[in-house]
Structures are given as structure tokens and as C-alpha cells.
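Notes for the one structure printed next.
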Amino acid sequence: MGKIIAVILLVLTAASIWMFVGQHTLWFPKDISEHGKNIDAQFMRTLVVVGIAFTAAQLALGYAVWRFGRKGNERAVYTHGSNKLEATWTIITAAVFVVLAVLGQRVWANLHLNVAAADAVKVNVMAQQFQFNFHYPGVDGIFGKTSPEFYSDDSQNYVGIDPNDEPGKDDLQLTTLVIPANRQVELTLRSRDVIHSFWVPACRIKQDTVPGMSIKIHFTPNTPGKYEIPCAELCGNGHYKMKSFLLVVPSEEYDQMEKMTRQQFRAKMDELFKQYE
Numbered sequence: 039m040g041k042i043i044a045v046i047l048l049v050l051t052a053a054s055i056w057m058f059v060g061q062h063t064l065w066f067p068k069d070i071s072e073h074g075k076n077i078d079a080q081f082m083r084t085l086v087v088v089g090i091a092f093t094a095a096q097l098a099l100g101y102a103v104w105r106f107g108r109k110g111n112e113r114a115v116y117t118h119g120s121n122k123l124e125a126t127w128t129i130i131t132a133a134v135f136v137v138l139a140v141l142g143q144r145v146w147a148n149l150h151l152n153v154a155a156a157d158a159v160k161v162n163v164m165a166q167q168f169q170f171n172f173h174y175p176g177v178d179g180i181f182g183k184t185s186p187e188f189y190s191d192d193s194q195n196y197v198g199i200d201p202n203d204e205p206g207k208d209d210l211q212l213t214t215l216v217i218p219a220n221r222q223v224e225l226t227l228r229s230r231d232v233i234h235s236f237w238v239p240a241c242r243i244k245q246d247t248v249p250g251m252s253i254k255i256h257f258t259p260n261t262p263g264k265y266e267i268p269c270a271e272l273c274g275n276g277h278y279k280m281k282s283f284l285l286v287v288p289s290e291e292y293d294q295m296e297k298m299t300r301q302q303f304r305a306k307m308d309e310l311f312k313q314y315e
């Protein structure tokens, strides 16, 4: 029986390795961001280290089951082990994972702890059950004042723009995020109700939106196209349908859109949406 279990362990280990090494249909989508290569490199470093540890552990377990499987009335022998060996493996394991953690923190810090460039394109993001809303400052380049008292889904005032605030009268509220390629973008994330998670797999970005907090993230996309933005946090019964889309357009085209009225901007956005199908 021990040999059968050892063979099963070996087959399962080989199948697990194949899923990550020989199978790429379930892999990440193509990276379209400036920082994405660093995220992918860190992921691969972690995957290799964990993969080696996993494989070694399963092979050792399989060997033990094969070699020391029960035979007749043979009983296990108690041993105190080796303190030196245990200390050595503990130190090696700790060193490997501490180095991985430090490298991971560097990648994370470069993305989240640096201030966005002064000329970054700024968009406010308001999450609610069950959609993302994107707030643009309009032609004047100034965001209108917002307040929870002005939230109104019936009038499509999803972000709560003050109707009496002059700079807010040309602001746009969209359910699609439109940004330029090869320019830094700064998003300010908020939530109207519960915790959501803003996730753009193609940009290697995922950030929770938390009620009562304004959370800033910034990144630079480099490939025009249409990409999915799902919510990655269970946020209620309609979570499964909470998703939006990211439209990355050529920088010169976005410059023209910034000067358009709300109606013109929406029309151009719809045109690009179909173009990138």
C-alpha cells in the first residue's frame, strides 16, 4: 500500500509542475504596463523558489512512504533527531524567504509609495455595488466638489457631484476608464458602500477600495486596447457581474478628447470601444 501511495504522490507532483511549466493557456494576460515586468519577475522568482521547495518536500514524502511503509508488525522508532540539522534547515529556509519578501517589498514600494508625477492624468474612481464609476474633471481640468449627500443613481450622479458647484458642471461620470498610452495615470480610489477591489490584470494592478478612505495609485500603460477591470473582492450578491473596462488610447488621441464636451467625449469613447473589440 505504501508503494501505491508513493506513486500517487509522484504523479500528483508531476502534474502540478506541468500545470505551471508546460501549460500556458491559464497564464497571465499580456502585460501592458511599465511596471508589469517587475511584478512578473518577482512572481517568477517566488514561483521558482516555492516550486523547488514543494517538489523537494513531495519527493521526500514519497521516498519515506515507499522506503518505510509498514511491513507486518514493524513498529516506528522514536528519535530525538539532530538539533544542528534542524537549525541549519530553519536558517536556510528563513534566509530564502526573507530575501524574497525584501525583493517583493521593493517592487511594491516602487509602485505604491512613490508620488505620481505632477503632469500625471488624474481620474477619480468611485466603487459601489455593483459597478465602478470614473470621474473626469472636464474641459476646465478642475474636479467639481463631491459629497455623499448628492449620490443619486436615478440621476446618474454616482460620484456625488455638487450640482451648484461651477467647476463640476462640465465633469464626466463614466463606467469605462479611458486613459492615454505612455503617460502616467493617477487614480484616487473610493467606495460608497463596502470594500471592493479594483483589479486590472493586464496592468498587474490590484487595490482595495475602502469606505471612508481615498487611496491613490499610479501606473503607466503602454499598449492601446480594451482590457477588463473586474472587482476582486466579494462585495455582495451581485459581485459576479461587477466589472468594467479600461480603454488605453494613443496619447495624441487622448489630448484631443480632453478638449471635448461630455457628449463628444462619450461618442468618441463609444467609437473606440467598438474599435478595440
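Numbering (my numbering), first residue to last: 39 to 315.
Backbone N, C-alpha and C define an ideal beta-carbon position, used for all residues, glycine too.
Report task. Return the CA-CA distance between L215 and S282, expressed in angstroms with no decimal places. Result -> 8 Å
Query - Those residues which DSSP pairs with I255 across a bridge - result: L225
Query raised in the report: Excluding five sequence neighbours on each side, which residues of the same chain lie with their C-beta closer than 8 Å to the C-beta of K75?
Result: D69
Query - Per-residue burial, M164 [other beta carbons within 10 Å of its own, 16 or more giving buried] - result: buried
Query raised in the report: For A219, which of P205, Y265, Q245 and N195 has the nearest alpha-carbon?
Result: Y265
**Report entry** Ordered list of beta strand (DSSP E) runs contained in the region 102-188, each at least 3 residues
**Finding:** 159-166 and 169-174
Query raised in the report: Which same chain residues, not among the five before or five after I267, have their C-beta less than 8 Å away from its C-beta?
Result: F170, L215, F236, W237, V238, K281, S282, F283 and L284
Query raised in the report: Using CA coordinates, which residue listed in T93, T84 and P205 is at the minimum distance from T51?
Result: T93
**Report entry** Stretch-stretch touch, CB-based, cutoff 8 Å, three pairs: the region 224-234 with the region 200-210
**Finding:** no
**Report entry** S193 (DSSP reduced to helix, strand or coil)
**Finding:** coil
Query - Endpoints, the alpha helix (DSSP H) within which K312 is located - result: R300 to Q313
Query - 6 Å CB neighbourhood of I180 in its chain, flanking five on each side removed - result: P205
Query raised in the report: What residue range is occupied by the uninterrupted alpha helix (DSSP H) comprising Y292?
Result: S289 to M295
Query raised in the report: So A133 and Q222 are in contact, right, with Cβ under 8 Å, and what is the actual spacing, rounded?
Result: Actually they do not touch by this definition, with Cβ atoms about 36 Å apart.
Query raised in the report: Is the region 254-261 close to the region 297-309, with three or more CB pairs under 8 Å?
Result: no
Requested in this report: Go ahead and label H150 buried or exposed: buried means 16 or more other beta carbons lie within 10 angstroms of its beta carbon, across all protein chains shown.
Outcome: exposed
**Report entry** Cut-off 8 Å between Cβ atoms - residues of its own chain near L141, not counting five sequence neighbours on either side
**Finding:** Q80 and R83
Requested in this report: Grab me the residues of S289's own chain with a C-beta within less than 7 Å of its C-beta, minus the 5 sequence neighbours each way, in chain order.
Outcome: P218, A219, N220 and R221
Query - C273, DSSP secondary structure in three states - result: coil
Query raised in the report: Looking at the structure shown, is D78 part of a helix, part of a strand, or coil, going by DSSP?
Result: helix
Requested in this report: Go through its chain and collect everything with a Cβ distance to S185's Cβ below 8 Å, but skip five positions before and after it.
Outcome: G198 and D200
Report task. Find the nearest neighbour of V159 within the set Y314, F311, D293 and I130, judged by alpha-carbon distance. Result -> D293
Query - Beta-bridge partners of D246, as assigned by DSSP - result: S235
Report task. Please classify L97: does DSSP put it in a helix, a strand, or coil? Result -> helix
Query raised in the report: With C-beta atoms as the reference, is V103 less than 7 Å away from I43?
Result: yes
Query raised in the report: Helix, strand or coil: which one does DSSP assign to P218?
Result: strand
Requested in this report: Consult DSSP for G198 and reduce its assignment to one of helix, strand or coil.
Outcome: coil
Query raised in the report: Opposite Y265 in the DSSP bridges: which residues?
Result: L284
Query - Cutoff 8 Å; reference T258; Cβ partners in own chain excluding five residues on either side - result: S71, E72, H73, N220, R221, Q222 and V223
Query raised in the report: Measuring CA to CA, which of F168, Q96, V86 and H118 is closest to Y278?
Result: F168
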